[in-house]
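Q:
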Amino acid sequence: MERVLSGKEGRLDLVLKELFPDLSREKIKEIIESGKVSVDGRIVTRPGFRVRGESVIKVEEVRFTENILQPCDLPVDIVYEDESIVVVDKPAGLAVHPAPSVKGSTLIHALISRTELAPVNSVRPGVVHRLDKDTSGLMVLAKTFQSYNNLVKQIQERRMIKEYIAVVHGKVKSGTINVPIGRSPTDRTKMKVLPAGRVAVSHYEALEVIGDYSIVKIRIETGRTHQIRVHLAYIGHPVVGDKVYGIPEKEELIKRQALHSSRLSFLHPLTEEPLDFHSPLPEDIRNLIERLRRQV
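So the sequence shown is residues 1 to 296, counted in this note's numbering.
(1) Between N149 and R291, what straight-line distance do the alpha-carbon atoms span, to the nearest angstrom?
(2) Write down the C-beta distance between G170 and H237 rounded to the nearest angstrom, noting that I regard them as a contact closer than 8 Å.
(3) Exposed or buried, what is E163 when buried is set at 16 or more other beta-carbons lying within 10 Å of its beta-carbon?
(4) What first and last residue would you give for the alpha helix (DSSP H) that runs through R229?
(5) To which residues does DSSP link Y213 through a beta bridge?
(6) For G93 and K103, I'd like the C-alpha separation in whole angstroms.
(7) So is P274 buried or exposed if we call it buried at 16+ other beta carbons inside 10 Å?
(8) Spatial neighbours of V296 within its chain, please: C-beta separation below 7 Å, excluding the five flanking residues on both sides.
(9) So, for V87: in the same chain, excluding its five sequence neighbours on each side, which residues have a beta-carbon less than 6 Å away from its beta-carbon?
(10) Taking the C-alpha atoms as reference points, what is the distance between P280 and E33?
(11) Give a yes or no on contact between the region 236–251 and the region 123–130, applying the rule of three or more CB pairs nearer than 8 Å.
(12) Between R198 and P180, how many whole angstroms is the CB-CB distance? I'm expecting something under 8 Å.
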């Protein structure tokens, strides 16, 4: 059972919706009516039950049925796992979770055959942040409601450190990009810098300049869709290999965008122990860098 100190008053379904924002109202109603929720030690099956601010709510962990997500035996590099979280090193070319534009198996399909994930959404259980399909590197996923809530809060409060390494066009220095990002009004599959967009902040530091290219470390304060790729393209230094926001290249240097989630640091959601994970550059980005160095 998952213990939740609500600290909130009102209808049980609305309190749970506020505590677990990624759960749909329908899913919350289903969980309550199936007897998976207790308030102050008593099982409650009415979504409209009134909760007091000092109430202790317990939600039984529920695994999604296999007809929603079919497990698969796709190999996954699990960097760390305990009863609360799982940290993975995602390869490029693998989408995180199912979506209308995604064909085939995803990281979530592979993980549910190996471990439990917090059932916060029918197609993206445990997902607290995402990586683009063709971005590689570190991700943390929640295994319980409590850890999910805690990790989302750390991200919202900008306490989770997320660093990336990218190979970009041009000679880069260092700086901060603080411009809002929103969905393109003319192409809904793309993001762009928009005055009415959501706040997006990226700090970047040049690690090495190689001719007309640079190796850059990026730390993001916010996690908007395609944030790093959009921000770097905005300042004139698109990621090498980026087929959406990049520039045409005379020859293909790499088969995907040269962007890797290299560091992930946060407090353990249960013990509050500081955790700091690092991932080396994958072979394709290492090969790209060596190729560029040979050309100088």
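Where is the CB? At the ideal position from N, CA and C, for every residue including glycine.
A: In brief:
(1) 43 Å
(2) 5 Å
(3) buried
(4) Q227 to Y234
(5) H169 and I210
(6) 11 Å
(7) exposed
(8) I210 and G211
(9) V79, Y80, V140 and F277
(10) 47 Å
(11) no
(12) 6 Å
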